[in-house]
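>
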Amino acid sequence: MSEARIEEKFLDDLEKERFIKANDSTYNAQFNYATNYIKTSKYTLLTFLPLNLFEQFQRLANFYFLCLMMLQMISIISSLTPITTSIPLIGVLTISAIKDAYDDYQRHVSDDQVNNRISKTVRNGHVVNVKWKDVHVGDVILMEDGQFVAADVLLLSTSEPSGLCFIETAELDGETNLKCRQCLAEVADLAHEVTDFDGFIRCEAPNNLLNKFHGILQWNGKELILNNDHIILRGCVLRNTEWCYGMVIFAGRDTKLMQNSGKSKFKRTNIDRLLNFLIIGIVLFLFLLCLSCMIGSVIWEYKTGWHFQTYLPWDSLVPSDRIAGSITIGTLVFFSYAIVLNTLVPISLYVSVEVVRFVQSFFINWDEKMYDKQSGTSAKARTTSLNEELGQIQYIFSDKTGTMTKNIMTFKKCSINGIVYGDLSEIHYGKSEDVIKTYMDKQTPSAVIRSYNNINYNKIDQGVRRVTINSTLHLVGPPPVDFSWNPQYESDFLWYDQSLVDAARQLNNDTENTVVTFFEILALCHTVMPSWKNGILKYQAQSPDESALVSAARNFGIVFIERTPNSVTIEIMGKIKVYELLCILDFNNTRRRMSVVFRENNKIRLYCKGADSVIFNRLEPGNDEYKATTLQNLNEFAGDGLRTLCCAVRDIDDEFFESWKHKYMDAAAARTDREEKLDNVYDEIETHLRLIGITAIEDKLQDAVPKTISNLLMAGIYIWMLTGDKQETAINIGYSCQLLNDEMELWIVDGHTQDQVEHQLDQCNNSLLGISEHNRSERNSMATSIVRFSEPEDVQTEENEERMFALVINGHSLVHALHTELEYKFVELCTKCKAVICCRVTPLQKAMVVQLIKKYKNAVTLAIGDGANDVSMIKEAHIGVGITGQEGNQATLASDYSLGQFRFLERLLLVHGRWSYYRMCKFLRYFFYKNVAFTLCHIWFGFFCGFSAQTIFDPFYISVYNMFYTALPVLAIGALDQDVNDSKSIMYPKLYTPGLKNMFFNTKEFFKCAALGTYASLVIFFVPYGAYFYGMTSSGLNVLDHMYMAEVVAMILVTAMTVQVAFDTSYWTVINHIVIWGSLTLFFVAEWVYNYLIGGAYVGSLAMAMKQPTFWLVTLLVVVVIVSPVVAWRLYFLETSPVLTDKLRLKQLKQMRQVSGTDTRMPSIKHKRRSIRSGYAFAHQEGFGRLITSGKIMRTPRNSEGFIDRKNSNISDTTV
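Structural data, given as structure tokens:
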């Protein structure tokens, strides 16, 4: 199709297709494609004021007070000046606006960091530096090794052979193994001449499918088909490739990364939603109060007021008719009481809530115990409106790679010839293992001091594991092995078993050294690519597992040096050996093993490594005792949570190999059933293997992850792992981090169709209901895969014993489980399981799982991740937490809170979350209590003023009661109070339970506060009224006038509320003493200033009252009558039904000193477990085998004339 015809048709197909000309900004500009500018902020300088006010007046209380302020401007119905409402309203709007501006400023800063990154872009035939935000669709950009890709680009040319490049997609799918991309052969030879590239692309519209792309490139009169292998997505990192050029296809919000990020949502806490509900109820109650007062006013005016018009004349607007006039006055009184009683819906509540949250956020930011020294980052509350929600989390959805794990594989142990190496005891100096582990857990995250000084190596000072016990430094275990004899050793490789090194160095030309053969397998059987940079050997592997194994062999003296399409070169104890590569039998999911065939010294040998379940079935007969010993070692390694695989060899004669090779070539050339035929041919040669040994690799968890998860589970929180990684890896990490345990029955849902998935879900539900599965051993492919870690004869399950279940579901099965027909069944099953793992899931699937729990369980959710693939679920969850410094900053930008490591989540929830929830609930209970007590005094006074809406208090007192007289003490409770300290909060995770059950503040608690406030208002009003009804001064003067009574009641109200808040304070600080007793003092100072300096109407009333003994007696009596029932009620429940908090506080009071460290609860210690050994060390996809043997991935072979010895060269090269 010509370009002219495409242009004619594009208007009709614009929503379905995209049309782009390379290096032609004029043509591309007509389509208004999205720029590469990323925006997560909400406001600009121009839009901030109108947008922020619009958002704030959407809050019901703010709009209510705006209407109330307008009513106060009508003098005929208002007994209060508009200032009494306008000042608090303006204060609330101002403080909220400042907080919103601060939050949005932080988002602007984060956006600028991303948008101002530099990208090398072709402009006018030259490569220039431009900011990411200035990159446009159609631009050709230059990317270099280690750089993030700025946009979704079509790969045009690279520095590598055959147009290959390697990328890391951790930001997209959480995987750090390398993936290969290749540009079209027709454009691969352009190299740096892409500056004049003028291709025309027709491709799909922007979408969120990470693994699919369709398009056509028209160039030089040809139409070339484009697919996903030709595209590099934004968020990828270029690896092992010196440079490459790409043409921008999608930019900014149209990139697949951003399409998977989801939309930002306005998040509100449960407390906010409850407050809105209560405010509606309070407004209705206020309406009933006003209606009651209106009726009382009508009755009083009809019966009494009609006869007193000489003294209390009706307004000229009121009809002179008795009934009509009374009704008119009553109607006006309705609105007057709506103004007078407005403190029942306190606007200061919202400003106080915002202040409390703001202070709590700073406590999170300032917490030194959540500072990560490794990355230099501290915890940060990126929003200030969700703190108390941290104390009510019911479900945690966590990413795995980079969040729970470091994705760093470490060679920990091995078994060779039945002998275990690396299994050394760490019990020294008479200290028990539990004590050692306890104290090591308390040390800094890195328990190992590494050495990078090879010259002055000192075993005592460098690399020694240490632990401090009772201020004394102790050595734990032996010092690390000295590898300085090996020129190619890696300084950060630590090994503590000298016997393996000694065994590897015992070379004997007459007999085979099995240890060397073991490491030969690790150095030869892989698809790792070596590279030399500035004379230093580096490895680039598809998975960190393979890299760990090859590196282990390197450190023990068997060094993988170089590969060509037909050979592999290794160095064995300084001696170079070149192996002729005959064939690579690559890994796939079905085979679960990899083999290579080499010829060396005219001998052909097959080297194989793989999962024990497939290797043991292919071993040669005999050596049963050796096999049994190795199998026992496998169980021990797997019990330690290590990832295992078996290594074996087979010697092959030339005749057999030639015969097999012909079969292999025929199978490889087959057009139908090619993979099946190849597998059958592979099986012929991968038999009669001789077992050499097994490896054990540790996938390092983030520091203290098992302890964190254990405590969170004990707190009653459900934890789900949502990962893009493979199933076996996810399960092994589940056990390592104690999310799974041996007591759980593990179900694996892996159906490929909706019927299969539904059948599996039904089977799981039937098992939960106690329905036994018939002929489980004969289940077909649709049956649920149930993996048991305890044999029936080993463990006798009691009938009344609670069975625990865990569910693992694959991404392709999750697609069907999230279908509307199955989603409810899926959710019900998951919520009955103790743990859930979703593997091979896409970013949007993560968000959909979170959304499902929110939809059906109405639970508070938290999502935590570190990569761009976690952004969508972070935005979807009620609380989003980003891990900084792992896979870029996309997750952090989208999060509500950011942490340096996963382990800080424990403190964020169990300490700050619990405290925030506890403080906020206590704050709200007291706030409503004091406001009900204050407001209802007007109602009781109405019985004595004919319901005329006359206020008992001075208007000035009404204005500042909530803003000054009682504000600071309740703010101190909301910001500083705590029932138990931080160490107890972590030591006893069950303290978190009240937040899960919403116990501290709910509708019931609100009514209790309202009832207590009503009782207090009755006592505060009627006790002084009764005491002064016949009261006189010592001079015989009558004291029962309005002003005298108003000042007495006002003083007693402030005193009673202050004493009550003092009793409610659980944690006293200097600040609490200052604000509580200072507020009481402030009342007297403010009253004196207002009445004597400003000239208030109530001047002298309080001074006269304070001169009388009756005043002090009444004050004491009111305070005692109000506080005593509350104290008695609490003491009764403390004695009869104490909660865990009460028990801990009583225990703390009884102790003369702090509990010593040795008396604290032991941290979670990883126990051995029985496990399937499925954590074979391969990437979950086909390797680079075909690329290696094809030669496309290779440079110049060693024996050619153009070969450069990069080992001794300063040339920086990425692939040798």
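Residue numbers for the sequence shown follow our numbering, so the first one is 363 and each next one is one higher.
For glycine and all other residues, C-beta sits at the position ideal for the given N, C-alpha and C.
All of these numbers come straight from a predicted model, not from anything done at the bench.
#1: If we call anything under 8 Å between Cβ atoms a contact, is Ser909 one with Met1027?
#2: Provide the residue(s) that pair with Ser1021 in DSSP beta bridges, ordered along the chain.
#3: How would you label Pro983, buried or exposed, when you count the other beta carbons within 10 angstroms and need 16 or more for buried?
#4: In or out: Glu585 buried (at least 16 other Cβ within 10 Å) or exposed?
#5: Quick check on this structure: which residue in Gln1263, Pro927, Asn769 has the alpha carbon closest to the alpha carbon of Pro523?
#6: Do you know how far the Cα of Thr617 is from the Cα of Phe510?
#7: With a threshold of 16 other CB atoms inside 10 Å of the CB of Ser861, please say whether the residue is buried or exposed.
#8: Could you pull out every residue in the same chain whose Cβ sits closer than 6 Å to the Cβ of Trp494, ignoring the five residues on either side in sequence?
#9: Sorted by chain position, which residues of the same chain lie with C-beta nearer than 6 Å to Glu962's C-beta, five sequence neighbours on each side aside?
#10: Taking the alpha helix (DSSP H) that Val549 falls in, what are its first and last residues?
#11: Around the C-beta of Arg1492, are 16 or more other C-beta atoms found within 10 angstroms, so that it is buried, or is it exposed?
#12: For the alpha helix (DSSP H) that Lys1126 lies in, which residues bound it at each end?
#13: Please report how far the alpha carbon of Ile923 lies from the alpha carbon of Ile1245, in whole angstroms.
#14: Would you call Phe1289 buried or exposed, if buried means 16 or more other Cβ atoms sit within 10 Å of its Cβ?
#15: Looking at C-beta atoms only, is the number of pairs between the segment 729-743 and the segment 633-653 that lie closer than 8 Å three or more?
#16: When we look at the beta-carbon of Asn820 and count the other beta-carbons within 10 Å, is it buried (16 or more) or exposed?
#17: Is the distance from the Cβ of Val323 to the Cβ of Ala1418 below 8 Å?
#18: Ile661: which of Arg635, Ile691, Leu679 sits nearest, CA to CA?
#19: Less than 7 Å between C-beta atoms, sequence neighbours within five positions excluded: which residues of the same chain meet that for Phe1285?
#20: Could you check the C-alpha separation between Leu1272 and Ile1241 for me, to the nearest Å?
#21: Secondary structure at Met1144, three-state DSSP: helix, strand or coil?
#22: How is the alpha helix (DSSP H) around Cys1192 delimited, first residue to last?
#23: If you measure between the beta carbons of Thr739 and Asp1228, is that distance less than 8 Å?
#24: What three-state label does DSSP hand Gln580 in the structure shown?
#25: Do Gly608 and Leu517 come within 8 Å of each other at the CB atom, strictly closer than that value?
#26: Is the beta carbon of Cys606 less than 8 Å from the beta carbon of Cys542?
#27: Can you give the Cα-Cα distance for Tyr1279 and Pro1356, rounded to whole angstroms?
#28: For Pro892, name the three-state secondary structure that DSSP assigns.
#29: Below 8 Å on the Cβ atoms is my guess for Val1381 versus Val1483; work out the distance and round it to an integer in Å.
#30: In the DSSP output, which residue or residues are listed as bridge partners for Cys1307?
#31: Comparing C-alpha positions only, which one of Thr931, Asn632, Leu1442 sits nearest to Tyr1323?
#32: Go through its chain and collect everything with a Cβ distance to Lys775's Cβ below 7 Å, but skip five positions before and after it.
#33: Which residues in the same chain have their Cβ closer than 7 Å to the Cβ of Val707, if we skip the five residues on either side of it in sequence?
#34: Buried or exposed: which applies to His498, given that a residue is buried once 16 or more other Cβ atoms fall within 10 Å of its Cβ?
#35: Leaving out five residues on either side along the sequence, give the residues of the same chain with a beta carbon under 6 Å from the beta carbon of Val1119.
Considering the structure as presented:
#1: no
#2: None, per the DSSP bridge assignment.
#3: exposed
#4: exposed
#5: Pro927
#6: 14 Å
#7: exposed
#8: Asn398, Asn477, Arg479, Ser481, Ala512
#9: Tyr941
#10: 547-550
#11: exposed
#12: A quick correction: the sequence has Cys, not Lys, at residue 1126. Start and end: 1116-1130.
#13: 37 Å
#14: buried
#15: no
#16: Note that Asn820 scores a pLDDT of 39, beneath 50, so its modelled location is shaky and nothing firm can be said.
#17: Nothing about residue 323 can be reported from this structure: the residues present for the chain run from 363 to 1578 only.
#18: Ile691
#19: Val718, Val1332, Ile1335, Gly1336
#20: 15 Å
#21: In this predicted model, Met1144 has a pLDDT of only 37, less than 50, meaning its place in the structure is not dependable enough to derive any value.
#22: 1185-1193
#23: no
#24: strand
#25: yes
#26: no
#27: 9 Å
#28: strand
#29: 5 Å
#30: Per DSSP, none; premise fails for Cys1307.
#31: Leu1442
#32: Val782, Tyr783, Gly784, Asp785, Phe999, Leu1004, Ala1058
#33: Ala423, Tyr426, Ile641, Ile644, Val645, Leu648
#34: buried
#35: Gly1113, Ser1175, His1178, Ala1179
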